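Participant:
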Amino acid sequence: MADAGSLVIKGGQVVDATGERTADVVVVDGRITAVGTGLSADRTLDATGCIVAPGLVDIHSHLREPGKEEAETVETGARGAALGGYTAILAMPNTTPAIDSAAVVQQVLELGRPAPCDVFSSGAITVGRGGEQLAPMAEMAALGVRIFTDDGAGVQDNGLMRRAMEYASGLGVTLAQHCEDDALCGGGHMHEGEWSARLGIPGQPAEAEELMVMRDIALARLTGCRIHFQHLSTAGSVAMVRAAIASGLPVTAEATPHHFTLTHAECQGYDPVFKVNPPLRTAADVDAVKGALADGTIGIIATDHAPHAPETKELPFDQAPPGMLGLETALALALTELDLPVQQVLAALSWNPAAAIGVGDLHGLPVEAGNPANLCVIDPEATWTVRGSAMASRSTNTPFEGRELRGKVRHTVLHGEPVVVAGEPQR
Amino acid sequence: MDSADVQRAVWRMAHEIIEANSGTESVVLVGLQTGGLPVSEAVADALTSITGHETEVGSLDVAFYRDDIGLRPVLPEAVTHIPWNLDGRTVVLCDDVLFTGRTIRAALNALSDYGRPRAVQLLVMVDRGHRELPIRPDYVGKNLPTRRDEVVDVHADGVDLGEMLR
Amino acid sequence: MKHLLGIEDLGGAEGIDEVMRLTDSFVEVSGRNIPRVPALRGKTVAWLFYEDSTRTRLSFETAAKRLTADTMNFSVSSSSVKKGESLRDTARTIEAMGIDAIVVRHASAGAPHRISRWVDAAVINAGDGWHQHPTQALLDTYSLRQRWGSLDGRHIAIVGDIKHSRVARSDVWAFTAMGAEVTLVAPPTLLPPSLEGWPVKVSHDLDAVLPTVDAIYLLRMQRERMTEALLPSLREYTACFGLTARRVDALRDDALVLHPGPMNRGVEIAAEVADLPRSLILDQVRNGVAVRMAVLYLLLGAGSDLVAAPAPEPLEGTPRG
Chain A
6 MADAGSLVIK
16 GGQVVDATGE
26 RTADVVVVDG
36 RITAVGTGLS
46 ADRTLDATGC
56 IVAPGLVDIH
66 SHLREPGKEE
76 AETVETGARG
86 AALGGYTAIL
96 AMPNTTPAID
106 SAAVVQQVLE
116 LGRPAPCDVF
126 SSGAITVGRG
136 GEQLAPMAEM
146 AALGVRIFTD
156 DGAGVQDNGL
166 MRRAMEYASG
176 LGVTLAQHCE
186 DDALCGGGHM
196 HEGEWSARLG
206 IPGQPAEAEE
216 LMVMRDIALA
226 RLTGCRIHFQ
236 HLSTAGSVAM
246 VRAAIASGLP
256 VTAEATPHHF
266 TLTHAECQGY
276 DPVFKVNPPL
286 RTAADVDAVK
296 GALADGTIGI
306 IATDHAPHAP
316 ETKELPFDQA
326 PPGMLGLETA
336 LALALTELDL
346 PVQQVLAALS
356 WNPAAAIGVG
366 DLHGLPVEAG
376 NPANLCVIDP
386 EATWTVRGSA
396 MASRSTNTPF
406 EGRELRGKVR
416 HTVLHGEPVV
426 VAGEPQR
Chain B
23 MDSADVQRAV
33 WRMAHEIIEA
43 NSGTESVVLV
53 GLQTGGLPVS
63 EAVADALTSI
73 TGHETEVGSL
83 DVAFYRDDIG
93 LRPVLPEAVT
103 HIPWNLDGRT
113 VVLCDDVLFT
123 GRTIRAALNA
133 LSDYGRPRAV
143 QLLVMVDRGH
153 RELPIRPDYV
163 GKNLPTRRDE
173 VVDVHADGVD
183 LGEMLR
Chain C
1466 MKHLLGIEDL
1476 GGAEGIDEVM
1486 RLTDSFVEVS
1496 GRNIPRVPAL
1506 RGKTVAWLFY
1516 EDSTRTRLSF
1526 ETAAKRLTAD
1536 TMNFSVSSSS
1546 VKKGESLRDT
1556 ARTIEAMGID
1566 AIVVRHASAG
1576 APHRISRWVD
1586 AAVINAGDGW
1596 HQHPTQALLD
1606 TYSLRQRWGS
1616 LDGRHIAIVG
1626 DIKHSRVARS
1636 DVWAFTAMGA
1646 EVTLVAPPTL
1656 LPPSLEGWPV
1666 KVSHDLDAVL
1676 PTVDAIYLLR
1686 MQRERMTEAL
1696 LPSLREYTAC
1706 FGLTARRVDA
1716 LRDDALVLHP
1726 GPMNRGVEIA
1736 AEVADLPRSL
1746 ILDQVRNGVA
1756 VRMAVLYLLL
1766 GAGSDLVAAP
1776 APEPLEGTPR
1786 G
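Shown next, in the form of structure tokens:
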């Protein structure tokens, strides 16, 4: 897979889980062979002024294939991921058909093999994500699936969720929950509050998310199964997860860049590019999510990258599908908007999610000789302007259009091969 | 013109109206918003004094009939007040200054939406020339030759001629 | 003002007053032998109604015709609207036919806002979901102004299903902009989830509010609210929030009654109440045409931006205004 010959990433500041140091990194045959100063090789990638870090890992990507290839394919999604500094992404199961069987898992893995980013698959908890019957988790786990979720929807039935967690605990896998109580959401299209009331858009209350967080924490206590909360968005959810972790329950959580940067006020122009589930919340919720990222309650930044073909966003707010692009902006938003040390940001974007999805033997590893060469090189001071039309994604639905961000990926190296060089995709 | 000149012109035109229409039985005055209003009221007062019975006065705003709608902001100055059916009446349109004739064209169109007058006559305090439409006044206070870029201002104290502020 | 999407587009009391003054002129026009002026000759107004509304459409259509505008009907019957059809494509198709204004009625809040971003034509919101119905609020304001001269210092209760009401969402801002005090009266299930920033008082007790109001505005009660468990029954709603003959006695003698129509007689309003002299319901309908003439004229004729537009050329030598 790697280029013949050796590669040196020269002049950068290495940042990984073990710390920081100025060093050149030599890569041969897919692995790091040397880390030190004054190193050289057949080919050089300039990293002057840059951070050299383990490649980023997204545990929440909607790649739309199979079924909605007009919005995204595994290939285009993976290319965008590579441009965003990712070397691994986890495909969400809400495709058509859903990833609820070994066959569809195989198909997604197969599509991901030539991609410029490792593509892993999640599996659905229930057949067709229908919330009624358990999907064959063991068969999918045998193919390496470590995360099961009905993402796009939460498992509504309390009894079924309990059984799913019991069953999953026997497989050693993690259940991830999209927390949203359908009955309480009642057809809502944005956060229920000041803005939904003013705009006349049906809202969904924060409690619709919090109720399911509360239930799943209780079920984690009951079953001992590891539960991961996807895209937490409310202050109440954050507080419950913080308490659950403190009481020793096997609970982890992720937050998305849009939930730590945008509020429901963005919806006032009725542009469905700001429609997402869970919805953009209040400024107090944004602060709570930031606080949870700072204190480690939320250890993972996930993109919830959700491409939608342009015509589907050219509808009234309540008719347009929820979701926004994320892979190409997540790192820059974290660097620009979070007042956190770079190492902590990278932990949330790389080694924490790598461990959560069980790919810690390949991704997120320290930049040390002997480890797989999955790396990204980030220019932390470079500023750039977000343009949906300039993205690798087949879709353009970024809510950050026109925003100036700080921090840009210069190179991405996948299994020793440069897949992004000087910001340009190589395949 | 000073105020005495204006007053004399009003009385003269009132007599001309009576003469032309053999009295004022069927005559109503309609002043054009806004400069024509004081003219119509002054003439009506004169007619009432001469004939001894009340002359009816209405007002007309021609904003919605103007030919430059959309070219520039055109908003009515006031609500039109023509509380009678004009069928068979003689309407004397009153305005302060007659210039291009475009306002009168608009006013003629507007009047036809209130009925079918027996006749429409035109009274102006000042005719300054420069007509752009085939319109001719029946009663004129004063013919005042002007340049196109001059401004004629008719008010209670008389008529002034000045430079147009552009 | 290029579009009328919500009451706030009029920029508060001054803009609303402008519409009111212009409406005075169009009320006069409507009373003539020939109630038509050539003000919008050569302009074309299109209806894009995604939701049936004969009353509003007829009112707009009459208004456009009295201004001598040409009209085009793009009423899309609900059955033929394929969900997922791009609103943008539809709007741009209409505009390509040379349209000066699009009057939009849509079941989705914000649909007119979206359309206004995609077309050069003026967009008028004729009701969008639960959001707003600005011309209704203008005709309500006009009808009250006709009786009172001014809304300043008056107390108006808006009663009923505020939560789902585009009329309430427009009236609140129009009435309060004109100086009135507004109290929303409804059970908590029929109030918006948040009233943060709304310049209103709230009550759940109609009987307590009745003696204090100068006008009571009753909203239409939709039957489907029962199935959504927002109310136990229509009977209970009428018992608590209906303007019954008995409750009318609690109103001050000069207090007015309004309703946007169509009425559910016997539900939010007793049959005999609707026909009392204090009822403004027919005034509202009558004034609807003149108000919509004013809005169309303001957007298409008077110049979309009165302030920035060039000064009028003096007619007949006398600078006017």
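Chains as they are written, first to last, in my numbering: chain A, 6 to 432; chain B, 23 to 188; chain C, 1466 to 1786. Beta carbons: idealized from backbone N, C-alpha and C, even for Gly. A quick note: this is a predicted structure, and the numbers were derived from the prediction, not measured.
Ser201/A versus chain C: which residues are under 9 Å apart at the beta carbon?
Facilitator: Counted from its first residue, the first sequence places residue 201/A at position 196. Those within 9 Å of Ser201/A in chain C are Pro1657, Pro1658 and Ser1659.
Participant: Who are the near neighbours of Thr42/A in its chain, counting only those whose CB is closer than 8 Å to its CB and skipping five residues on each side?
Facilitator: By one-based count along the first sequence, residue 42/A stands at place 37. Taken in chain order, the residues that qualify are Thr27, Ala28 and Asp29.
Participant: What does DSSP give as the partner residues of Ile250/A in its beta bridges?
Facilitator: Numbered from its first residue, the first sequence carries residue 250/A at position 245. Paired residue(s): none; Ile250/A is not in a bridge.
Participant: Relative to the C-alpha of Val256/A, which residue among Leu267/A, Cys230/A and Phe265/A is closest?
Facilitator: Residue numbering aside, residue 256/A sits at position 251 when the first sequence is read from its first letter. Answer by Cα proximity: Cys230/A.
Participant: Note down, in chain order, each residue of its chain lying with its Cβ closer than 6 Å to the Cβ of Asp175/B, except the 5 sequence neighbours on either side.
Facilitator: Here residue 175/B refers to the residue found at position 153 of the second sequence. The answer, listed in chain order, is Asp182.
Participant: Could you tell me the distance, in whole angstroms, from the CA atom of Ala1704/C to the CA atom of Ile1734/C?
Facilitator: Taking the first residue of the third sequence as position 1, residue 1704/C is located at position 239. Taking the first residue of the third sequence as position 1, residue 1734/C is located at position 269. Straight-line Cα distance between these residues: approximately 11 Å.
Participant: Under 8 Å by Cβ, that's how I've got Ala46/A and Val382/A pegged, so tell me the actual separation to the nearest angstrom.
Facilitator: In the first sequence, residue 46/A corresponds to position 41, counting from 1. In the first sequence, residue 382/A corresponds to position 377, counting from 1. 15 Å between Cβ atoms; not a contact.
Participant: Between Ala169/A and Gln161/A, what straight-line distance do the alpha-carbon atoms span, to the nearest angstrom?
Facilitator: Indexing the first sequence from 1 puts residue 169/A at position 164. Indexing the first sequence from 1 puts residue 161/A at position 156. Cα-Cα distance, rounded: 12 Å.
Participant: Using a Cβ cut-off of 7 Å, pull out every chain C residue sitting near Lys321/A, in sequence order please.
Facilitator: Counting from 1 along the first sequence, the entry for residue 321/A is found at position 316. Note on residue identity: the sequence assigns Pro, not Lys, to residue 321/A. Simply Leu1552, His1571, Ser1573, Gly1575, Ala1576 and Arg1579.
Participant: Since Phe234/A sits in a beta bridge, which residues does DSSP pair it with?
Facilitator: Taking the first sequence and counting its residues from 1, one reaches residue 234/A at position 229. Paired residues: Gln182/A and Ala258/A.
Participant: If we count the other Cβ atoms within 10 Å of its Cβ and call it buried at 16 or more, is Ile1499/C buried or exposed?
Facilitator: The count along the third sequence starts at 1 and reaches residue 1499/C at position 34. The residue is exposed, with fewer than 16 neighbouring Cβ atoms inside 10 Å.
Participant: Is Met1562/C buried or exposed, if buried means 16 or more other CB atoms sit within 10 Å of its CB?
Facilitator: Here residue 1562/C corresponds to residue number 97 of the third sequence, with the count starting at 1. Met1562/C comes out exposed.
Participant: Please classify Ser1544/C as buried or exposed, where buried requires at least 16 neighbouring CB atoms within 10 angstroms.
Facilitator: For this step, residue 1544/C is matched to residue 79 along the third sequence. Unreliable placement is indicated for Ser1544/C, whose pLDDT of 45 sits below 50; the coordinate value is still reported in the next sentence. That one is exposed.
Participant: Could you say if the stretch 84-101 of chain A and the stretch 324-337 of chain A meet the contact criterion of at least three C-beta pairs nearer than 8 Å?
Facilitator: Yes: the two stretches touch, three or more of their Cβ pairs being nearer than 8 Å.
Participant: Which partner residues of Gln1749/C appear in the DSSP bridge assignment?
Facilitator: Looking up residue 1749/C in the third sequence gives position 284. In DSSP, Gln1749/C forms no bridge with anything.
Participant: For Leu204/A, go through chain C and note every residue whose CB falls closer than 8 Å to its CB, in chain order.
Facilitator: Against the first sequence, residue 204/A aligns to sequence position 199. Going along chain C in sequence order, the residues near Leu204/A (Cβ under 8 Å) are Ala1574, Gly1575 and His1596.
Participant: To the nearest angstrom, report how far apart His264/A and Thr1648/C are at their CA atoms.
Facilitator: As a position in the first sequence, residue 264/A is number 259, starting the count at 1. As a position in the third sequence, residue 1648/C is number 183, starting the count at 1. Roughly 36 Å between the two C-alpha positions.
Participant: Using a C-beta to C-beta distance shorter than 9 Å, which residues of chain C count as neighbours of Gly328/A?
Facilitator: As a first step, residue 328/A is located in the first sequence; it is residue number 323 there, counting from the start. Per Cβ cutoff of 9 Å: no residues; Gly328/A is ~16 Å from chain C at best.
Participant: Take Gly117/A and list the residues in its own chain whose beta-carbon comes closer than 6 Å to its own, dropping the five residues that flank it on each side.
Facilitator: Translated into positions along the first sequence, residue 117/A becomes position 112. So the list reads Val79 and Val124, once near-sequence residues are dropped.
Participant: Let me see if you follow: with CB-CB separation under 8 Å, is Pro284/A close to chain C or not?
Facilitator: Within the first sequence, the letter at position 279 stands for residue 284/A. No, because no Cβ of chain C sits closer than 8 Å to the Cβ of Pro284/A.
Participant: Taking beta-carbon pairs under 9 Å, can you tell me which members of the stretch 1482-1511 of chain C lie near chain B?
Facilitator: Those residues of the stretch 1482-1511 of chain C that come within reach of chain B (Cβ to Cβ, closer than 9 Å) are Glu1483, Arg1486, Leu1487, Asp1489, Ser1490, Phe1491, Val1492, Glu1493, Val1494, Arg1497, Asn1498, Ile1499, Pro1500, Arg1501, Val1502, Pro1503, Ala1504, Leu1505, Arg1506, Gly1507 and Lys1508.
Participant: Would you call Asn99/A buried or exposed, if buried means 16 or more other Cβ atoms sit within 10 Å of its Cβ?
Facilitator: Mapped onto the first sequence, residue 99/A falls at position 94. The residue is buried, with at least 16 neighbouring Cβ atoms inside 10 Å.
Participant: Do Val113/B and Val142/B count as a contact pair if the criterion is CB distance below 8 Å?
Facilitator: Translated into the one-based positions of the second sequence, residue 142/B becomes position 120. Translated into the one-based positions of the second sequence, residue 113/B becomes position 91. Going by C-beta atoms, Val142/B is nearer than 8 Å to Val113/B.
Participant: Inspect the beta-carbon positions of Leu1683/C and Leu1708/C and report whether they are closer than 8 Å.
Facilitator: Start at 1 with the first residue of the third sequence, and residue 1683/C comes out as number 218. Start at 1 with the first residue of the third sequence, and residue 1708/C comes out as number 243. Cβ atoms of Leu1683/C and Leu1708/C: closer than 8 Å.
Participant: At 3 residues or longer, what runs of the beta strand (DSSP E) sit wholly inside the stretch 141-173 of chain B?
Facilitator: DSSP runs (the beta strand (DSSP E)) wholly in the stretch 141-173 of chain B: 141-149 and 161-165.
Participant: Quick one: is Ser1544/C near chain A, going by C-beta distance under 8 Å?
Facilitator: The count along the third sequence starts at 1 and reaches residue 1544/C at position 79. Low local confidence applies: a pLDDT of 45 at Ser1544/C is under 50, so the model's placement there is unreliable, with the coordinate-based value given in what follows. With 8 Å as the cut-off, Ser1544/C does not count as an interface residue toward chain A.
Participant: Just tell me which of Leu343/A, Pro346/A, Ala307/A and Phe322/A has its CA closest to the CA of Leu330/A.
Facilitator: The residue labelled residue 330/A in the question sits at position 325 within the first sequence. Among Leu343/A, Pro346/A, Ala307/A and Phe322/A, the Cα nearest to that of Leu330/A belongs to Ala307/A.
Participant: Decide if Asn1752/C is buried, meaning its Cβ has at least 16 other Cβ atoms within 10 Å, or exposed.
Facilitator: Stepping through the third sequence from its first residue, residue 1752/C is reached at position 287. Result: buried.
Participant: Under a three-way DSSP split, which group does Ile126/B fall into?
Facilitator: One-based indexing of the second sequence puts residue 126/B at position 104. Ile126/B falls in the helix class under three-state DSSP.
Participant: Any residues in the stretch 1661-1688 of chain C with a beta carbon nearer than 9 Å to a beta carbon of chain A? Which ones, in chain order?
Facilitator: Listed by position, the residues of the stretch 1661-1688 of chain C near chain A (Cβ gap below 9 Å) are Glu1661, Gly1662 and Trp1663.
Participant: Could you check what DSSP says for Asp63/A in three-state terms: helix, strand or coil?
Facilitator: The residue labelled residue 63/A in the question sits at position 58 within the first sequence. Three-state DSSP puts Asp63/A in a strand.
Participant: Looking at the C-beta of Arg1690/C, does it have a partner C-beta in chain A at a distance below 8 Å?
Facilitator: Position 225 of the third sequence, counting from 1, holds the residue named residue 1690/C. By this cut-off, Arg1690/C is not an interface position.
Participant: As an exercise, report each continuous alpha helix (DSSP H) stretch of at least 4 residues that is fully enclosed by the stretch 283-339 of chain A, in chain order.
Facilitator: Listed in chain order, they are 288-300.
Participant: Quick one: complete beta strand (DSSP E) runs, 3+ long, within the stretch 82-133 of chain A?
Facilitator: With a minimum length of 3 residues, the continuous beta strand (DSSP E) runs that stay inside the stretch 82-133 of chain A are 91-96 and 123-126.
Participant: Here's the rule: buried if 16 or more other CB atoms are within 10 angstroms of the residue's CB, otherwise exposed. What is His194/A?
Facilitator: The residue you call residue 194/A lines up with position 189 of the first sequence. His194/A should be labelled buried.
Participant: When the distance is taken between beta carbons, is Pro346/A closer than 8 Å to Val62/A?
Facilitator: For the purposes of this step, residue 62/A is taken as residue 57 along the first sequence, with counting starting at 1. For the purposes of this step, residue 346/A is taken as residue 341 along the first sequence, with counting starting at 1. Cβ distance not < 8 Å, so Val62/A and Pro346/A don't count as in contact.
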